[in-house]
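*Asks:* Okay, here's the structure, questions in a sec.
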Amino acid sequence: MSSGYLFVLRGFFCLIIKDGNLSLSLRLLVPRHSSNGDRTPDQEQFNQRVFPRFVSVCPTVFLFPLCSPLWMPSPALNTSSSYWSRPMQVFTKTKSEINLFFNLVCDPADVISTVEFNQTGEFLATGDKGGRVVIFQREPQGEYNVYSTFQSHEPEFDYLKSFEIEEKINKIRWLPPHNPAHFLLSTNDKTVKLWKVSEKDKRAEGYNLRDEEGRLKDLSTITTLQVPVLRPMDLLVEASPRRVFANAHAYHINSISVNSDCETYLSADDLRINLWHLNITDRSFNIVDLKPENMEDLSEVITVAEFHPHHCHLLAFSSSTGTTRLCDMRARALCDQHAKLFEEAVDPSRQSFFSEIVSSVSDVKFSHSGRYLLTRDYLTVKVWDLNMENKPMETYQVHDYLRTKLCSLYESDCIFDKFECAWNGTDSVIMTGAYNNYFRMFDRASLRDVTLEASREVCKRRAVLQPRRVCVGKKRKETDVSVDSLDFRKKILHTAWHPKENIIAIAASNNLYIFQDRLTPNGHHNTPEIQSAM
């Protein structure tokens, strides 16, 4: 591999030049303004100040190179279609251009740990293991560009219990918009924070008691009074913490969910679920408590909790035993006694050492209509009707070919991976992640499914994602992938679906992939149908 130079200016632009006459100039996404209010230099200033010396990028710098993968969930999964597709993006956070020229390993702090669209789909927020939140805004052309970046959480140390609290962002949840500002909740293992993201394009000038630098004037020097005025200024996007909700969880927070009343939210850890008011930070109400008097009697832990999208008194939470409980806060203040229990009977003859582990529910999502529940365990994704508790309406096998490899997955701890799931805007298609950077989609109407891959090798400009197939025995096609060749280090745990359009966000390690379905020649979206990968 030939050597190269990396040019960096204030962490926002990057240019890599290889030996000889070949050069590569990357178009990088740049925030409108940095989080501290400084103006971002434009490309011309960058070219004037660049110098030929390799500069290693500090861990707090984000580099977002563009490429153009496409997601085409249509009946004709081929490049010869008469339709055309609009390219979307791949965002990468790394210390170099994703090992393309410099063979560096991804910094663990850059690994994306959560992805979430807001209610309109105009904004997309991601959190990573370094405690950072990156917000993307959709431009009129359809592409998502970096809107704001800020440090949400810092590493802390609990001196009383003598353990370190990681800065990793576990969950992000948007609050419904009520004014031009945007609000979101972010949480690490112990603390939930409410952030306000707002724009400023005017500043006040002409204060009587302060000078231009903000310092108080000597009152004896003030001889005249003036009316302060607002002057236009360059657009500034700033993120400020409005509330900090701390000291309420003894165990690690695994989920947060905003209530439909827009006034309260819940936070859940391994054994308890607390109900908070968004304006009160010093107290919360415990609504679920599974902690036994003797910890030796502990038989299950809470894995995820979610509010109903329309009824503010209903919430669902799942446990490590594979059960999902629906609780009604109108019935009693402490919801230890559930209103409904969603559990599928298991054939005792099929029980094994791994049965309880793989049955643990890692994610729960209410449908947009509020009628159905979507649950994901290690091997399957299930759709439940809230009116039928004894068995799921639909069960989809995500990677059933891994049943023969549960022993090795247990030894490598991969069997404990927590995969998320998502509905599309009409509740007709389900998406979830898998290994080898694969993600699966299931069409509920046609019962078709497809396996697609999110990786830089297959995401080329104006390329269409081709279906993948994992085979257990002999390969049928050259493009088939053997189950023995799957890379379990590459996994898609976090996914999100645009609430109104066929746009999906896929987090794979330190890469964020955004795919959109193809457009018809008249510019309209195709009805999403899924071609079977068999």
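For the working numbering, add 1378 to where a residue sits in the sequence shown, where the first one is 1.
Cβ coordinates follow ideal geometry from the N, Cα and C atoms, glycine included.
1. At what residues does the beta strand (DSSP E) containing glutamate 1772 begin and finish?
2. If you follow the beta strand (DSSP E) that glutamate 1583 is part of, which residue opens it and which one closes it?
3. What separation, rounded to the nearest whole angstrom, lies between the Cα atoms of leucine 1563 and serine 1618?
4. Take arginine 1588 as the anchor and find which of Gln1604, Glu1577, Val1575 and Lys1580 has the nearest alpha-carbon.
5. Would you say the beta carbon of lysine 1769 is closer than 7 Å to some non-hydrogen atom of the ligand SAH?
6. What are the boundary residues of the alpha helix (DSSP H) that glutamate 1494 is part of?
7. Determine, using beta carbons only, whether arginine 1728 and phenylalanine 1797 come nearer to each other than 8 Å.
8. Thinking valine 1636 and alanine 1883 are a contact (beta carbons under 8 Å), I'd like their distance in whole angstroms, please.
9. Roughly how many angstroms lie between the CA atoms of isoleucine 1658 and serine 1540, to the nearest whole one?
10. Following the continuous beta strand (DSSP E) through valine 1828, name the residue where it begins and the one where it ends.
11. Nearest by alpha-carbon distance to cysteine 1640: which of Leu1613, Lys1852, Pro1554 and His1691 is it?
12. Please report how far the alpha carbon of aspartate 1660 lies from the alpha carbon of threonine 1782, in whole angstroms.
13. Please state if the CB of glutamate 1684 and the CB of lysine 1760 are separated by a distance shorter than 8 Å.
14. In angstroms, rounded to a whole number, what distance separates the CA positions of glutamate 1789 and serine 1730?
15. Please state the DSSP three-state secondary structure of threonine 1804.
16. What distance in whole Å lies between the Cβ atoms of tyrosine 1779 and valine 1859, which are believed to be in contact at a cut-off of 8 Å?
17. Using only alpha-carbon positions, find the residue among Lys1568, Thr1701, Leu1704 and Cys1799 that is nearest to valine 1915.
18. Considering only their Cβ atoms, is the gap separating glycine 1811 from isoleucine 1356 smaller than 8 Å?
19. Do the stretch 1525-1535 and the stretch 1505-1512 touch if we need at least three Cβ pairs shorter than 8 Å?
20. Please determine, among Leu1784, Leu1757, Met1766 and Leu1764, the residue with the shortest C-alpha to C-alpha distance to tyrosine 1774.
21. Taking the straight line between their C-alpha atoms, what separation do you get for valine 1489 and aspartate 1675?
22. Measure the beta-carbon distance from glycine 1700 to serine 1737 and round it to whole angstroms, keeping in mind my assumption that it falls under 8 Å.
23. Restricting to Cα atoms, I'd like to know which of Trp1875, Leu1712, Glu1722 and Asp1485 is closest to methionine 1766.
24. Pick out whichever of Gln1515, Lys1852, Asn1548 and His1876 has its Cα sitting closest to the Cα of lysine 1507.
25. If I measure Cβ to Cβ from tyrosine 1813 and keep anything under 6 Å in the same chain, skipping five residues before and after, which residues do I get?
26. Rounded to a whole number of angstroms, what is the C-alpha to C-alpha distance between histidine 1531 and isoleucine 1634?
27. Would you give the residue range spanned by the beta strand (DSSP E) that valine 1636 belongs to?
28. Quick one, which of Ala1823, Asn1889 and Gly1803 has its alpha-carbon nearest proline 1877's?
29. Please state whether the Cβ-Cβ distance between arginine 1608 and alanine 1582 is less than 8 Å.
30. Along the chain, where does the alpha helix (DSSP H) containing leucine 1704 start, and where does it finish?
31. Give me, in chain order, the residues of the same chain whose beta-carbon lies closer than 7 Å to that of aspartate 1795; leave out the 5 immediate sequence neighbours on both sides.
32. Closest by CA to histidine 1560, which one among Ser1576, Ile1550, Asn1566 and Pro1670?
33. Do aspartate 1667 and leucine 1704 have their beta-carbon atoms positioned less than 8 Å apart in this structure?
34. Going by the DSSP bridge assignment, what does aspartate 1612 pair with across the sheet?
35. Under 8 Å Cβ to Cβ from tyrosine 1750, same chain only, skipping five residues before and after it: list those, please.
36. I need the straight-line Cα distance from histidine 1716 to arginine 1551, nearest angstrom please.
*Replies:* Quick look at the numbers:
1. What you label residue 1772 is simply residue 394 of the sequence shown in a count that begins at 1. First-last of the beta strand (DSSP E) with glutamate 1772: 1772-1775.
2. Position 205 of the sequence shown, counting from 1, holds the residue named residue 1583. DSSP places glutamate 1583 inside the beta strand (DSSP E), whose first and last residues are 1570-1583.
3. Counting from one through the sequence shown, the residue named residue 1563 turns up at place 185. Counting from one through the sequence shown, the residue named residue 1618 turns up at place 240. The straight-line gap separating the alpha-carbon atoms of leucine 1563 and serine 1618 is approximately 12 Å.
4. Here residue 1588 refers to the residue found at position 210 when the sequence shown is read from its first residue. For the residues Gln1604, Glu1577, Val1575 and Lys1580, the minimum Cα distance to arginine 1588 belongs to Gln1604.
5. This structure lacks the ligand SAH; in fact it carries no ligand of any kind.
6. Taking the first residue of the sequence shown as 1, we reach residue 1494 at position 116. For glutamate 1494, no alpha helix (DSSP H) run applies; the uninterrupted beta strand (DSSP E) run containing it begins and ends at 1490-1495, by DSSP.
7. The residue labelled residue 1728 in the question sits at position 350 within the sequence shown. The residue labelled residue 1797 in the question sits at position 419 within the sequence shown. If you check the CB distance, arginine 1728 and phenylalanine 1797 do not come in under 8 Å.
8. In the sequence shown, the residue the question calls residue 1636 occupies position 258. In the sequence shown, the residue the question calls residue 1883 occupies position 505. The C-beta separation of valine 1636 from alanine 1883 comes to about 19 Å, leaving the pair out of contact by the 8 Å criterion.
9. Stepping through the sequence shown from its first residue, residue 1658 is reached at position 280. Stepping through the sequence shown from its first residue, residue 1540 is reached at position 162. Approximately 28 Å, taken between the alpha carbons.
10. Indexing the sequence shown from 1 puts residue 1828 at position 450. From DSSP, the beta strand (DSSP E) with valine 1828 extends over 1827-1831.
11. Locating residue 1640 in the sequence shown gives position 262, counting from the first residue. Ranking Leu1613, Lys1852, Pro1554 and His1691 by Cα distance to cysteine 1640 puts Pro1554 first.
12. By 1-based counting over the sequence shown, the position of residue 1660 is 282. By 1-based counting over the sequence shown, the position of residue 1782 is 404. Counting only the Cα atoms, threonine 1782 lies some 50 Å from aspartate 1660.
13. Within the sequence shown, numbered from 1, the residue matching residue 1760 stands at position 382. Within the sequence shown, numbered from 1, the residue matching residue 1684 stands at position 306. Not in contact: lysine 1760 and glutamate 1684 (Cβ atoms no closer than 8 Å).
14. Locating residue 1789 in the sequence shown gives position 411, where the first residue counts as 1. Locating residue 1730 in the sequence shown gives position 352, where the first residue counts as 1. Using only the alpha carbons, I get a separation of about 16 Å.
15. The residue given as residue 1804 occupies position 426 in the sequence shown. In the structure shown, threonine 1804 adopts coil according to DSSP, grouped into three states.
16. The count along the sequence shown starts at 1 and reaches residue 1859 at position 481. The count along the sequence shown starts at 1 and reaches residue 1779 at position 401. Your pair valine 1859 and tyrosine 1779 does not check out as a contact, with CB atoms roughly 10 Å apart and the cut at 8 Å.
17. Since the first and last residues shown for the chain are 1379 and 1912, residue 1915 lies out of range.
18. Not covered by the structure: residue 1356. The range shown for the chain is 1379 to 1912.
19. Contact between the stretch 1525-1535 and the stretch 1505-1512 is present, because at least three Cβ pairs lie under 8 Å.
20. If you number the sequence shown from 1, residue 1774 lands on position 396. Among Leu1784, Leu1757, Met1766 and Leu1764, the Cα nearest to that of tyrosine 1774 belongs to Leu1757.
21. Residue mapping note: residue 1489 aligns to position 111 of the sequence shown, counting from 1. Residue mapping note: residue 1675 aligns to position 297 of the sequence shown, counting from 1. Near 36 Å, if we compare the C-alpha coordinates of aspartate 1675 and valine 1489.
22. Here residue 1700 refers to the residue found at position 322 of the sequence shown. Here residue 1737 refers to the residue found at position 359 of the sequence shown. Right, the Cβ-Cβ distance comes to about 3 Å (below 8 Å), so this counts as a contact.
23. Walking along the sequence shown from the start, residue 1766 turns up at place 388. Answer by Cα proximity: Glu1722.
24. Locating residue 1507 in the sequence shown gives position 129, where the first residue counts as 1. Measuring from the Cα of lysine 1507, the nearest candidate turns out to be Asn1548.
25. Indexing the sequence shown from 1 puts residue 1813 at position 435. Taken in chain order, the residues that qualify are Leu1864, Phe1866 and Lys1869.
26. Against the sequence shown, residue 1531 aligns to sequence position 153. Against the sequence shown, residue 1634 aligns to sequence position 256. If I take the Cα positions, the gap works out to 16 Å.
27. If you number the sequence shown from 1, residue 1636 lands on position 258. Judged by DSSP secondary structure, valine 1636 falls within the beta strand (DSSP E) whose first and last residues are 1633-1636.
28. Position 499 of the sequence shown, counted from the first residue, corresponds to residue 1877. Out of Ala1823, Asn1889 and Gly1803, Gly1803 has the C-alpha closest to the C-alpha of proline 1877.
29. The count along the sequence shown starts at 1 and reaches residue 1608 at position 230. The count along the sequence shown starts at 1 and reaches residue 1582 at position 204. Here the sequence assigns leucine to residue 1608, which means arginine is not the residue at that position. Going by C-beta atoms, leucine 1608 is nearer than 8 Å to alanine 1582.
30. By one-based count along the sequence shown, residue 1704 stands at place 326. No alpha helix (DSSP H) holds leucine 1704; the beta strand (DSSP E) holding it covers 1702-1706.
31. By 1-based counting over the sequence shown, the position of residue 1795 is 417. Around aspartate 1795: Lys1869 and Leu1871.
32. Position 182 of the sequence shown holds residue 1560. Selected option, being the one with the closest Cα: Ser1576.
33. Counting from 1 along the sequence shown, the entry for residue 1704 is found at position 326. Counting from 1 along the sequence shown, the entry for residue 1667 is found at position 289. No, these two residues do not count as a Cβ contact at 8 Å.
34. Against the sequence shown, residue 1612 aligns to sequence position 234. Per DSSP, none; premise fails for aspartate 1612.
35. Looking up residue 1750 in the sequence shown gives position 372. Beyond the five residues adjoining it in sequence on each side, tyrosine 1750 comes within less than 8 Å, by CB distance, of Phe1744, Val1761, Trp1762, Asp1763, Leu1764, Met1771 and Asp1805 in the same chain, given in chain order.
36. The residue given as residue 1716 occupies position 338 in the sequence shown. The residue given as residue 1551 occupies position 173 in the sequence shown. Approximately 25 Å, taken between the alpha carbons.
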